[in-house]
Amino acid sequence: MKQAAITGIRQATLVDRPDPTPQGDWVVVKVHSAPMCTEYKRFLSGEPTDSLGHEAAGEVVAVAQPGRLKVGDRVVAMPLYGCGCCNLCVSGDYIHCQDVLQGNAFAPGGPGHATYAQYIVKPDWLLPRIPDAVSYDRASLACCGLGASFGAMQLMNVGAFTTILITGAGPVGLGAVVNARFRGATAIVVESAPYRADLARQMGATVLDPTDPDTPARIRDLTGGLGVDCAIDCSGTVQAQRLCVDATRRKGTVAFVGECSDPVALTISPDMIRKGLTLVGSWHYNLADFAKLMQVIERSPLLDLLVTHRFAMSDIQAAFDCSVSRQSGKIILNPWA
Ligand SMILES: [Zn+2]
Ligand SMILES: [Zn+2]
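Numbers given in the numbering used here equal positions in the sequence shown, counted from 1, plus 1.
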C-alpha cells in the first residue's frame, strides 16, 4: 500500500509498505478520508518518518474472526490504541488509558497504525459505525476536527446561554466555533491569521486580534464587564492560555485543548480560589458521546466552512505546504488519489 512519509525539512513523499493483516479483534480498514492534524510540526522539523496521521474514516475490508464489525461496515477510527480493559477504557475515556498499546500490537512498528495510508488496522471497539447518510469526509471530523472541542464543551456544559472565548482558530479552534454555534452559544474568537479569522467570522463568531492591546478590554465590553462564561484554548500558546484565565468571569471554566510544554504563570489565590475558576485539561471526548457528535456532523451547515481543502495523497507535498500556510481550515487527504 501507499503511505505518506517525511524525508526532510518541508519535504514529503509517498512510500510503499506492506498491507496490514487482521488478527484477533483487530480489523483492517480501507482509509477513505484522512484529515491532517499536528503532523505539520514533523514536516517543519524534517525528522524523517513514515508514521503520519491519527485521524481517519473508512471501510472495513478484512476481519479475522466474527466480532463487532463485518466487511463493508463504514467506521471512524478513534485515535490511539487503548487497552480496552482498564477503567478508563471501559468508561469511554480510552484516550487517557494508562496501558495504551503501541501501534499494531501484532507487529510492533509494522504497517497499519498511521492514517496517511491506504489501510490501517485497529481493534474493532475503537471503530464506531458511521450513519448511512454521513460521508466519509464529514465523519472523519469526529476525530480532532470536531472531537477535541466537543469533549471540552461537554465538560463545560456549553449551551445557548453561554458566551465562550475560543483562542486560536486553526482547524481545532474552527471546529470549536462549529460546536459552539451548534449549541447556540455566543462565540468570541481570538486569532491573528486573516484567513482563519475570516472563516471564524463567516461561522458567526466575533473575532478579535491577539496582537491588539485592547482585546482584553473588548472581551469585557462584549460581556457586560464580567468576562466570558467559559474559554477554550485551541492555540497551545502561553499568551492565549493566560488570556483564557484572565478573560473568564468568576466561577467560570477554562478548558485547555491546544498542547504546549511551556509553563504558564498561574497564581492559585487570585486566579483560582478568589475567582472560583475551574480549569480542565481536555484531550478528546468520551466514546459514549459519539452519537451526539454525529448529530453535529449530520446537522451543522458550518462543516462546509471547516473543511477548506481536499488533496489527493499523491499530492502530499502540496498538502503539507497548505497545512503550514495558515491559509487553511481542516484539510482532508484521499489516500486513493
Ligand atoms: Zn485502557
Ligand atoms: Zn488530530
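Don't be surprised by glycine CBs; every beta carbon is placed ideally from N, CA and C.
A quick note: this is a predicted structure, and the numbers were derived from the prediction, not measured.
Taking a C-beta distance under 7 Å as the contact criterion, Gln242 and Val208 do not qualify as a contact pair.
Judged by the Cβ position, Glu56 qualifies as a neighbour of ligand 2 at the 6 Å threshold, a heavy atom of the ligand being closer than this. For the options His55, Asp213, Arg184, the alpha carbon positioned closest to that of Gln296 is the one of Arg184. For Gln66, there is no enclosing alpha helix (DSSP H), as DSSP marks it with neither H nor E. In the three-state reduction of the DSSP assignment, Gly169 falls in the coil class, being assigned neither a helical nor a strand state. In chain order, Pro23, Val29 place their CB closer than 6 Å to the CB of Ala63, counting only its own chain and leaving out the 5 sequence neighbours on each side. Below 8 Å, enough C-beta pairs join the region 120-133 and the region 72-89 to call them touching: three or more.
Sequence-distant Cβ neighbours of Gly174 in its own chain, meaning closer than 6 Å and more than five residues away, are Ile167, Cys235.
Between the alpha carbons of Thr249 and Leu280 lies a distance of about 11 Å. Listed in chain order, the non-local C-beta contacts of Gly169 below 8 Å within the same chain comprise Val191, Glu192, Asp234, Cys235, Ser236, Gly237, Thr238, Ala241, Gly259, local neighbours out to five positions each way being set aside. Where Val91 is concerned, the enclosing alpha helix (DSSP H) starts and stops at 88-91.
Non-local beta-carbon contacts of Asp210 in its own chain, meaning distances under 7 Å to residues more than five positions away in sequence, involve Ser193, Thr216 in chain order. Within the region 15-71, the complete beta strand (DSSP E) segments of 3 residues or longer fall at 27-36, 57-63, listed in chain order. Take the alpha-carbon of Asp213 and the one of Arg219: they are about 10 Å apart. Contact annotation, Tyr95 with Gly54: C-beta distance approximately 19 Å; criterion of less than 8 Å not satisfied. Here the C-alpha atom of Ala6 lies approximately 49 Å from the C-alpha atom of Leu227. Less than 7 Å separates the beta-carbon of Phe257 from that of Gly282.
Judged by DSSP in its simplified three-state form, Tyr82 adopts coil rather than helix or strand. For the pair of segments examined, the region 141-160 was found to touch the region 285-304: the number of CB pairs separated by less than 8 Å reaches three. For the 7 Å CB-CB criterion, Lys331 and Pro36 form a contact.
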